[in-house]
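Read through the structure below, which is laid out as structure tokens, and then see the notes.
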Amino acid sequence: MIEILNSKDAERAQVTGALVGKILQTLRERAAVGTNLLEIDAWAKEMILGAGAVSCYVDYAPSFGRGPFGHYICTAVNDAVLHGLPHDYVLADGDLLTLDLAITKDGISADAAISFVVGVSKDQESEKLIDATKRALAAGIEAARPGNKVGDISYAIGAVLRDAGYPINTEFGGHGIGSTMHQDPHISNTGRPNRGYKLVPGLMLALEPWVMTDTAKLVTDPDGWTLRSATGCRTAHTEHTVLITEGDAQIMTLPPVD
Numbered sequence: 001m002i003e004i005l006n007s008k009d010a011e012r013a014q015v016t017g018a019l020v021g022k023i024l025q026t027l028r029e030r031a032a033v034g035t036n037l038l039e040i041d042a043w044a045k046e047m048i049l050g051a052g053a054v055s056c057y058v059d060y061a062p063s064f065g066r067g068p069f070g071h072y073i074c075t076a077v078n079d080a081v082l083h084g085l086p087h088d089y090v091l092a093d094g095d096l097l098t099l100d101l102a103i104t105k106d107g108i109s110a111d112a113a114i115s116f117v118v119g120v121s122k123d124q125e126s127e128k129l130i131d132a133t134k135r136a137l138a139a140g141i142e143a144a145r146p147g148n149k150v151g152d153i154s155y156a157i158g159a160v161l162r163d164a165g166y167p168i169n170t171e172f173g174g175h176g177i178g179s180t181m182h183q184d185p186h187i188s189n190t191g192r193p194n195r196g197y198k199l200v201p202g203l204m205l206a207l208e209p210w211v212m213t214d215t216a217k218l219v220t221d222p223d224g225w226t227l228r229s230a231t232g233c234r235t236a237h238t239e240h241t242v243l244i245t246e247g248d249a250q251i252m253t254l255p256p257v258d
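Going by the UniProt record's numbering, the letters in the sequence shown line up with residues 1 to 258, in that order.
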């Protein structure tokens, strides 16, 4: 299903997106050395339910997972990159943490992810990974204009990731989003320009570049959900929900400005 939002839908999407951005910003501020991943999940639950929203993950049970997911946020650490199932793990100085959050409020969903290093210890590899996903996302958003096609977004994202020297996995990528979290079209993190669905105003997309340092292969944890790099290398993932407009794409999941 491909859904085109009307003006009232878009207004509701702004509210949902801002809530996603605010929750992720708050969780980033709270996540510190000594924080347990289960605490992050509990904080996410409190903020989601307190805002009158619904988690897209608790009852999420796709064919590739061992569902239902049963938690309110994805928490991936170091070599984990996607669908990180919160578990009893205490964050250490220098851990690379990815938080991926999708919620629905008033019938409209929004989805975003951030990667950052916990504590004071930083390393060049982690910062390079995170920066590459941010730049790839910016390139994808720039290509998300009416008249362009999905392949133009994929090509823009892939060009940045390739230039940064990273292998690109095409099993998981971006997607349409609206009244439900996952919709068509699928947006691979690499592709050919001028191919695929033509972008039109009102189409909302979740764009999510993610990379692994030295492999494109994923392995699944025994929990049936958490996806890790096959080599144990570090990973990063950055995502925003954007709305196609008559001009530049509108980023829906930015945190509110004080």
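Beta carbons: idealized from backbone N, C-alpha and C, even for Gly.
Item                                                                                                                                                             : Value
Quick one, which of Asn78, Tyr89, Ile153 has its alpha-carbon nearest Leu129's?                                                                                  : Asn78
Here's a check: name, in chain order, each residue in its chain whose Cβ is nearer than 6 Å to the Cβ of Ile141, leaving out the five neighbours to either side. : Val242, Ala249
Going by beta-carbon coordinates alone, are Ile177 and Ala110 separated by less than 9 Å?                                                                        : yes
Let me know the secondary structure DSSP gives His41 once reduced to three states.                                                                               : It should be noted that the sequence gives Asp, not His, for residue 41. DSSP places Asp41 in helix when its eight states are reduced to three.
For Thr104 versus Thr16, is the C-beta spacing smaller than 9 Å?                                                                                                 : yes
So, are the CB atoms of Ala44 and Leu27 less than 9 Å apart?                                                                                                     : yes
Between Pro255 and Gly21, which are expected to be in contact by the criterion C-beta below 8 Å, what is the C-beta distance as a whole number of angstroms?     : 4 Å
Rounding to the nearest angstrom, what Cα-Cα distance links Asp95 and Glu127 in this structure?                                                                  : 12 Å
Would you say the stretch 56 to 67 touches the stretch 117 to 125, given that touching needs at least three Cβ pairs under 8 Å?                                  : no
Using DSSP with H/G/I as helix, E/B as strand and the rest coil, what is Met212?                                                                                 : strand
Could you check which residue in Phe69, Ala51, Asn36, Ile40 has the C-alpha nearest to that of Leu91?                                                            : Asn36
If you draw a straight line from the alpha carbon of Arg66 to that of Trp225, how long is it in whole angstroms?                                                 : 6 Å
Hey, could you find the ends of the beta strand (DSSP E) Leu205 is sitting in?                                                                                   : 204 to 207
Just to confirm the assignment, what range does the alpha helix (DSSP H) spanning Val20 have?                                                                    : 7 to 30
Can you pull the DSSP bridge partners for Arg228?                                                                                                                : Ala80, Val219
Select from Asn169, His186, Val150, Phe69 the residue whose C-alpha is nearest the C-alpha of Leu101.                                                            : Phe69
Classify Met252: buried if its beta carbon has 16 or more other beta carbons within 10 angstroms, exposed otherwise.                                             : buried
Ignore the nearest five residues each way along the sequence and tell me which others in His182's own chain have a CB closer than 7 Å to its CB.                 : His175
Please say whether Leu99 and Ile73 have beta carbons closer to each other than 9 Å?                                                                              : yes
Tell me whether Leu46 is buried or exposed, calling it buried when 16 or more other Cβ atoms sit within 10 Å of its Cβ.                                          : The question names Leu, but residue 46 is Glu in the sequence shown. It is exposed - the Cβ of Glu46 has fewer than 16 other Cβ atoms within 10 Å.
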